[in-house]
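Residue numbers (full-length UniProt numbering), protein chains in the order written: chain B, 1 to 346; chain C, 1 to 346. Beta carbons are placed, not taken as given, at the ideal position from N, Cα and C, and that holds for glycine. Here's the structure, in structure tokens; my notes come after.
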């Protein structure tokens with residue numbers, strides 16, 4: 001084969017000529033407008049099929065919907081987000097919507113760039129997963145384009161939201177460990193200082209839930225937190241810090257599975273065994289938690305369901321931008337596996 | 001706050017009025033066209049900043065570039081693809097290009113849908129990672145929009161490609177295991193029957209490399225392949241099958257890290273230890289391979305570098321669509337870790 005220039009794009013004029021109808025008629029069929037007879041519709045659709053005509057999304061964008069939904073995820077390495085994406089795409093299967101994903105990188109500046117890019121590209125709606133951006137900014141975005149926020153608490157006058165009951169999830173872990181006889185139950189949290197984020201972000205709610213449950217179980221004196229980040233490295237550093245304290249904890253509740261993996265690494269390096277010397281629990285019940293050689297006890301917040309609910313809310317909001325915002329909160333469960341066991345000696 | 005309709009979009013007319021220049025002048029500045037004086041440019045840019053004007057990407061799409069690059073990845077759960085994406089975004093940092101990702105789900109139909117959606121949205125260029133679509137189809141796509149294919153071998157008259165030397169990578173594993181005294185080295189491959197894909201897909205090249213290296217080491221009689229898929233489940237099933245054969249292998253070369261993890265799970269279930277009873281090696285050196293408790297010996301194909309090369313080639317091709325196609329092939333290395341050791345008894 002020889003290099004040749006790209007073939008000329010088939011246009012609406014070609015379709016009209018081929019179907020022997022007017023371009024206005026083709027346009028009506030394309031827009032599903034009134035006034036196109038079934039016979040006309042059939043003729044145009046046949047011409048479209050025969051010529052391989054694809055209406056330009058840019059052109060469609062100028063006159064209405066682009067059938068594009070932008071999903072901003074914090075990062076690509078946390079497998080829990082893949083569960084949410086599965087739920088979104090499953091819910092949209094069979095519709096004309098195409099999902100396009102971009103990472104927000106857990107930073108306000110990067111998130112602003114991604115969100116602006118999605119608005120620039122006339123996306124019909126946005127799903128923002130655990131965004132760290134200021135709430136005023138999120139509301140501003142939602143006033144411009146239908147938006148659903150996943151994994152962030154608090155009500156909003158402009159966007160719908162789907163979140164897991166993170167306080168209840170943390171309590172499931174503390175109760176499980178306390179029932180196993182643990183008292184020195186430590187927690188690795190994602191460091192947070194912003195006032196609004198402290199009220200709304202799942203990480204902050206989990207730390208609150210941990211403290212509340214410890215108090216409720218009469219373990220207030222054993223509250224012990226390492227404040228790092230929800231990353232593998234954050235878990236590694238957090239566990240190292242906790243292990244260096246005397247007396248060291250007999251159990252660690254990591255705020256996310258990816259954090260628990262980092263903690264497991266630090267514990268192995270310190271020559272300690274799990275769960276013999278120390279129990280570890282995570283949060284998200286991501287694919288890794290159930291992986292046999294890891295077998296991590298973890299809170300299941302059903303990412304697929306969260307994603308499906310988010311997609312459903314978004315499609316409803318695209319159809320009716322003035323509907324009242326909805327907050328969906330799901331109840332977590334605990335998947336108990338091999339990394340947690342009864343306390344041996346204190 | 002009270003619900004109110006979305007604010008009216010700031011238009012080029014508003015910018016012209018605010019800057020007290022003509023809309024033609026604003027348009028020139030936006031297009032970086034000749035004939036806009038530095039003073040004019042400054043005035044317009046100030047008005048743009050003050051009004052928060054953002055040119056509609058749909059409108060830009062009609063008159064030229066959309067500054068959007070579509071990246072199709074096979075799936076979101078293989079962490080190696082995150083390395084490639086890191087390389088792509090790092091290479092594009094500081095440019096106007098926005099990367100948007102969609103999963104192709106390892107199927108021709110799903111890939112067709114994603115690629116069509118990206119072309120419909122007037123993306124400036126595509127990076128297709130390990131696509132399974134027919135080669136004629138990939139060439140057709142590349143004739144319409146600048147395209148770089150990552151992780152697929154074979155030359156093309158239309159697209160650039162970046163791949164790892166998979167035959168050499170497989171040989172690194174076989175040589176490492178043979179040097180440790182293993183002879184019964186088995187392989188788990190991704191099942192493939194299509195003639196073109198057998199020549200071009202990394203999985204098929206790795207299986208070829210395995211067979212070649214076994215023969216070169218005088219181990220042709222020990223060639224033993226389980227043909228499943230490059231997924232966690234494929235690794236699990238493949239290892240179960242290999243372990244049921246008598247005599248069972250002393251080492252398993254899994255074609256991808258995600259496959260190796262499934263194999264580790266099956267081996268643990270069978271009550272065997274790694275590397276005491278059986279050695280395991282993977283391919284990709286993804287984040288999981290270096291994770292302490294797993295510590296998987298794996299072939300490193302440097303996904304970041306592959307992604308960076310792909311982005312560089314794509315930007316070059318967008319600038320000059322008629323340049324000759326380039327094939328970049330990278331040399332892999334072996335990261336030796338704790339899952340491989342000298343053979344004990346046969």
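Got a sec: is the Cβ-Cβ distance from residue i to anything in chain C below 8 Å?
| i | result |
| --- | --- |
| residue 13 of chain B | no |
| residue 120 of chain B | yes |
| residue 260 of chain B | no |
| residue 108 of chain B | no |
| residue 296 of chain B | no |
| residue 408 of chain B | A question about residue 408 of chain B goes unanswered here, because the residues of chain B that appear run from 1 up to 346. |
| residue 68 of chain B | yes |
| residue 54 of chain B | yes |
| residue 82 of chain B | yes |
| residue 128 of chain B | no |
| residue 180 of chain B | no |
| residue 102 of chain B | yes |
| residue 77 of chain B | yes |
Using a Cβ-Cβ distance under 8 Å, would residue i count as near chain B?
| i | result |
| --- | --- |
| residue 287 of chain C | yes |
| residue 99 of chain C | yes |
| residue 292 of chain C | yes |
| residue 219 of chain C | no |
| residue 269 of chain C | yes |
| residue 265 of chain C | yes |
| residue 183 of chain C | no |
| residue 331 of chain C | no |
| residue 3 of chain C | Here the model assigns residue 3 of chain C a pLDDT of 45, short of 50, so the residue's position is not dependable and the matter cannot be decided. |
| residue 30 of chain C | no |
| residue 272 of chain C | no |
| residue 85 of chain C | yes |
Compute the beta-carbon to beta-carbon distance between residue i and residue j, rounded to the nearest angstrom, for a pair I have assumed lies under 8 Å.
| i | j | result |
| --- | --- | --- |
| residue 300 of chain B | residue 256 of chain B | Actually they are not in contact, since the Cβ atoms of residue 300 of chain B and residue 256 of chain B sit about 13 Å apart, beyond 8 Å. |
| residue 327 of chain B | residue 87 of chain B | Incorrect: roughly 17 Å between the Cβ atoms, too far for contact. |
| residue 337 of chain B | residue 296 of chain B | 6 Å |
| residue 103 of chain B | residue 73 of chain B | 6 Å |
| residue 175 of chain B | residue 213 of chain B | 6 Å |
| residue 242 of chain C | residue 186 of chain C | 5 Å |
| residue 14 of chain B | residue 51 of chain B | 6 Å |
| residue 339 of chain C | residue 249 of chain C | No, residue 339 of chain C and residue 249 of chain C are not in contact; Cβ-Cβ is about 14 Å, not under 8 Å. |
| residue 335 of chain C | residue 180 of chain C | Not a contact, Cβ separation roughly 15 Å. |
| residue 222 of chain B | residue 173 of chain B | About 14 Å; that fails the 8 Å criterion. |
| residue 235 of chain B | residue 263 of chain B | 4 Å |
| residue 139 of chain C | residue 158 of chain C | 5 Å |
| residue 99 of chain B | residue 71 of chain B | 6 Å |
| residue 97 of chain B | residue 69 of chain B | 5 Å |
By DSSP's criteria, residue i is part of a beta bridge. Which residues make up the other side?
| i | result |
| --- | --- |
| residue 73 of chain C | C/103 |
| residue 187 of chain C | C/225 and C/253 |
| residue 207 of chain B | Residue 207 of chain B is not bridged to any residue. |
| residue 168 of chain C | Paired residues: none, contrary to the question. |
| residue 330 of chain B | B/164 |
| residue 67 of chain B | Answer is none; residue 67 of chain B lacks a bridge partner. |
| residue 42 of chain C | Per DSSP, none; premise fails for residue 42 of chain C. |
| residue 283 of chain C | C/299 |
| residue 21 of chain B | Looking at the DSSP assignment, residue 21 of chain B forms no beta bridge with any residue, so it has no partner. |
| residue 149 of chain B | B/128 and B/161 |
| residue 349 of chain C | Absent from the structure is residue 349 of chain C, since the part of chain C shown begins at 1 and ends at 346. |
Quick check: is the beta carbon of residue i nearer than 8 Å to any beta carbon in chain A?
| i | result |
| --- | --- |
| residue 192 of chain C | Looking at the structure shown, chain A is missing, and the protein chains on hand are B and C. |
Looking at C-beta atoms only, is the number of pairs between the segment 204-220 of chain C and the segment 165-173 of chain C that lie closer than 8 Å three or more?
-> Touching, per the Cβ criterion.
Please determine if the segment 247-267 of chain C and the segment 275-290 of chain C are in contact, where contact requires at least 3 C-beta pairs separated by less than 8 Å.
-> yes
Given 8 Å as the limit, is there contact between the segment 178-195 of chain C and the segment 137-151 of chain C, that is, 3 or more CB pairs closer than that?
-> no
May I ask you to verify whether the segment 152-161 of chain B touches the segment 193-204 of chain B, counting CB pairs closer than 8 Å and requiring at least 3?
-> yes
Contained alpha helix (DSSP H) runs [length at least 4] in the segment 77-136 of chain B, N- to C-terminal order | 80-92 and 108-120
Using 8 Å as the Cβ pair cut-off and three pairs as the minimum, do the segment 316-330 of chain B and the segment 19-30 of chain C touch?
-> The answer is no - the segment 19-30 of chain C does not touch the segment 316-330 of chain B, with fewer than three Cβ pairs under 8 Å.
Touching by the beta-carbon criterion (3+ pairs, under 8 Å), the segment 82-99 of chain B and the segment 301-320 of chain B = yes
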